[in-house]
Amino acid sequence: MVISLKTDKSDILALLRNSRDYVSGQQLCDQFGVSRTAVWKAVNQLKEEGYRIEAVSRKGYRLLESPDVLSRSEILSRLETKWAGQRLFYLDETGSTNIDAKRYAEEGEPHGTTVVAEKQNAGRGRRGKYWESPPGSAIYMTIMLKPDFEPDKASMLTLVMALSVAQAITEATGLKAGIKWPNDVVVNKKKVCGILTELDAEMDYIRHVVIGVGINVNNAAPEEFPEEIRQTATSLRIESGTGFSRAELLRHVLERFEENYDTFVTTLDLRLLIEAYSQYLLNLNAEVNVLDPKGSYTGIARGISTTGELLVEKENGEMKTVYAGEVSVRGLYGYI
Ligand code: ATP
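Note that the sequence shown ends on residue 338 in our numbering; no numbers are left out.
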């Protein structure tokens, strides 16, 4: 089922963005079956949101500049997915987009519903960790899924998302993104993205899964991060020296995720995605320190299994299968 909830405003924005020349008011009316007044109102709303739109009599409208806003229309006007993010909730401020997405799931919203926020007051990470979520510079989003596979498959979705974000960053920014198994996306050995997957399930049935993604995009300087993560966190802007459109990056994330998820469900494991994932896997053939609560050990990561575990070769040659749930992995001399 394709759900399209695009507003006229998003449609008008998309058309203006995609045409280099002026678009006449009449053309906009005809295309969307709305009145001249409706077009005029939509254009004015876009201007209020910070778009610079030129209006020239007898020629029409032309988009001169888009602000880096993460509004609903800015996202929907770009999105060409079938189901990922087509049902979209945008919030200026919230506690945690994962919690919102769970509530929407319970209220009956469909598979693929996505929540995006400008600011999170209680952004969370794995195992009670936090996610620093200031406004204006980052992406905080959660996609909610209602899969009909068994709950034990859900942990692989974290890796599917990590792959999607790494691909999206590479495509949208040209930066070389990598994955620190299982769920961190890294640029120049520093973390730009964290992913938190949460499951609501019975023994043999998934009610819903939410996958939260935080990406540091336009944070201007390391000083913008709290002291304790300044050595390990970075943003795409800090690493490249230039800013990026968050909406455009978000579009890439949702498009890649939809494609990778649809591939994943054909086999319900990662066998068709392992090759792509491994290209981004920074731990591959590198020494890792496995911080297992039952006892830490070191070894060399040899890749992932088809079900997403990290395969670590210990010094005595023994191959360990590392499950993501309980452990953190560190490089021997730092974060990676
Ligand atoms: P790690 O392996 O990096 O410790 P994790 O995978 O166990 O992380 P996550 O949920 O991915 O846990 O991330 C939470 C951690 O990320 C926090 O404990 C903090 O150290 C760090 N962090 C918090 N906010 C940010 C941010 N905006 N950018 C980068 N790192 C952050």
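All C-beta atoms, glycine included, are put in the ideal place defined by N, C-alpha and C.
Contacting residues, own chain, Cβ-Cβ under 6 Å from residue i (five flanking each side not counted)
i: E95; result: K121
i: M114; result: Here residue 114 is Gly; the residue named in the question, Met, does not match the sequence. Within the same chain, G114 has close Cβ partners W85, A86.
i: L147; result: H113, V211
i: K8; result: Low confidence applies here, because K8 scores a pLDDT of 49, under 50, leaving its location unreliable and the question unanswered by this model.
Simplified DSSP assignment, three categories, for residue i
i: A288; result: coil
i: L272; result: coil
i: E120; result: coil
i: R128; result: helix
i: R332; result: strand
i: N262; result: helix
i: A223; result: coil
i: K148; result: coil
i: R232; result: coil
i: L7; result: With a pLDDT of 43 at L7, under the threshold of 50, the modelled position of that residue is not reliable, and no figure is offered here.
i: E315; result: strand
i: A249; result: helix
i: A326; result: coil
Candidates the options, of which the one nearest residue i by Cα
i: S98; options: T236, K84, E109, T116; result: T116
i: V188; options: E173, E229, Y53, L238; result: L238
i: E241; options: A223, E257, E250; result: A223
i: K182; options: V25, G336, D10, S12; result: G336
i: K49; options: L93, L65, K61, T308; result: L65
i: E226; options: E134, S73, S79; result: E134
i: N318; options: Y299, P137, R126; result: Y299
i: N100; options: R89, G110, A119; result: A119
i: E200; options: V267, R232, R128, N220; result: R128
i: S59; options: L283, S26, A203, P69; result: S26
i: K11; options: S21, D23, V36; result: V36
Those residues which DSSP pairs with residue i across a bridge
i: H210; result: D202
i: N218; result: A140
i: L283; result: I181
Residue i: CB within 8 Å of a non-hydrogen atom of ligand 3
i: D186; result: Ligand 3 is not part of this structure, which contains only ligand 1.
Contact set for residue i: own chain, Cβ-Cβ below 8 Å, skip 5 residues either direction
i: I302; result: N287, A288, E289, V290, V314, E315
Legend entry - Any alpha helix (DSSP H) of 4 or more consecutive residues that is wholly inside the segment 15–52: 27–34, 38–50
Inset, instruction - Let me know the alpha helix (DSSP H) ranges lying completely inside the segment 151–200, each 4 residues or longer, listed in chain order. - result: 158–175
Inset, instruction - Starting from the N-terminal side, write out each stretch of the alpha helix (DSSP H) that is 4 residues or longer and does not extend beyond the segment 48–106. - result: 74–78
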